[in-house]
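In the working numbering, the protein residues as written are 1 to 344.
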């Protein structure tokens with residue numbers, strides 16, 4: 001314990017306060033099967049090489065790389081080869097809102113502030129403005145201001161990463177000798193918790209959503225018939241990353257998230273004018289394992305079941321449904337990691 005206490009913080013976040021160090025030290029001991037702490041590098045064994053983009057790349061290129069790699073964010077390098085931050089789907093969601101709501105006009109039509117009022121020429125122009133803008137032109141690195149660049153070392157105790165993730169940070173660049181070697185995500189940690197739920201979660205594993213305070217969260221939702229661009233506009237307006245999709249009876253039938261922007265490119269920009277159910281159906285045809293897959297559990301489940309659902313379905317949120325399959329609340333990766341951190 002003395003050795004752990006004297007270990008220097010390995011992140012650039014505010015880890016120097018006595019209270020924070022005490023939390024981290026306590027949690028580091030609990031996280032281990034033995035006296036050996038778990039480190040960031042232990043969760044990255046077997047991961048593929050980090051994929052990235054450049055500031056000179058277009059939005060279309062960034063979305064294609066995300067789709068091919070099955071990720072929602074990419075590290076970005078400038079012309080000099082320096083890492084300048086992440087670009088993720090929340091950044092591109094904000095950019096989409098900017099592009100689709102700015103005033104555009106054409107020779108044959110009056111000025112329009114909406115896709116619904118656009119003529120064909122204006123709609124095509126908006127598609128070009130979104131897809132062919134470079135990351136530097138749109139200043140899109142951390143455009144949402146929700147995606148900070150906080151480097152950690154491979155030897156960083158996983159407890160410190162959890163402390164940062166519990167604040168809502170979704171990913172951390174893993175840097176060694178000035179070189180980016182990996183990206184650690186909230187999902188990586190939750191999969192680790194699922195693999196060792198008895199030892200990692202302890203008594204927390206048997207806690208219910210009600211006991212953990214999860215039922216107080218409001219669920220944002222849209223109907224199947226909602227136009228897709230309206231769903232994305234609502235996400236941005238309410239600072240959400242996803243919305244439940246329900247049928248006319250209010251039953252959960254799907255999930256639409258900022259990640260689904262990966263299905264919006266130059267050639268199918270008009271799909272934003274489709275109803276949500278048609279948009280998601282088309283997305284699933286393109287990629288059967290699309291990230292809009294919906295995960296749910298009953299409200300009387302235990303945390304271990306939620307963690308298992310998040311890990312096995314590789315999703316970022318799990319909906320809590322009642323006996324009529326209506327969504328009552330939602331549990332995100334951040335919620336789980338916050339509960340883990342607060343319990344210690």
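Just so it is clear, CB atoms sit at the ideal spot from N, CA and C, and this is done for glycine as well. Only a predicted model underlies this, so the values are computations on that prediction, with no experimental measurement involved.
As summarised for the region 266-337, the continuous alpha helix (DSSP H) elements at least 4 residues long and confined to that stretch are 276-286 and 303-313, given in chain order.
In the DSSP assignment, residue 200 falls within the unbroken alpha helix (DSSP H) covering 197-201.
Taking the Cα positions, residue 179 is about 12 Å away from residue 49. DSSP places residue 65 in the uninterrupted alpha helix (DSSP H) bounded by 59-69.
In the structure shown, residue 132 adopts coil according to DSSP, grouped into three states.
In the three-state scheme derived from DSSP, where H, G and I count as helix and E and B as strand, residue 209 is classed as helix.
With a cut-off of 8 Å on Cβ pairs, the region 57-64 is in contact with the region 130-145, counting three or more such pairs. Annotation: the continuous beta strand (DSSP E) that includes residue 182 extends over 179-185. Taking a cut-off of 8 Å for Cβ pairs, the region 255-272 and the region 167-184 do not touch, as fewer than three such pairs fall below it. Within the model, the alpha-carbon separation for residue 115 versus residue 230 is close to 10 Å.
If you draw a 10 Å sphere on the C-beta of residue 158, you find 16 or more other C-beta atoms in it, and that means buried. The shortest C-alpha to C-alpha distance from residue 225 to any of 42, 335 and 254 is the one to 254. Rounded to whole angstroms, the gap between the alpha carbons of residue 278 and residue 327 is 21 Å. Taking 8 Å as the upper bound for CB-CB distance, residue 320 and residue 209 are in contact here, some 6 Å apart. Sequence-distant partners of residue 168 (beyond 5 residues in either direction) whose C-beta falls short of 6 Å from its own C-beta, in its chain, are 334. Beta bridge pairing from DSSP links residue 192 with no other residue. Per DSSP, residue 77 is not a residue of any alpha helix (DSSP H); the beta strand (DSSP E) it occupies stretches across 73-77.
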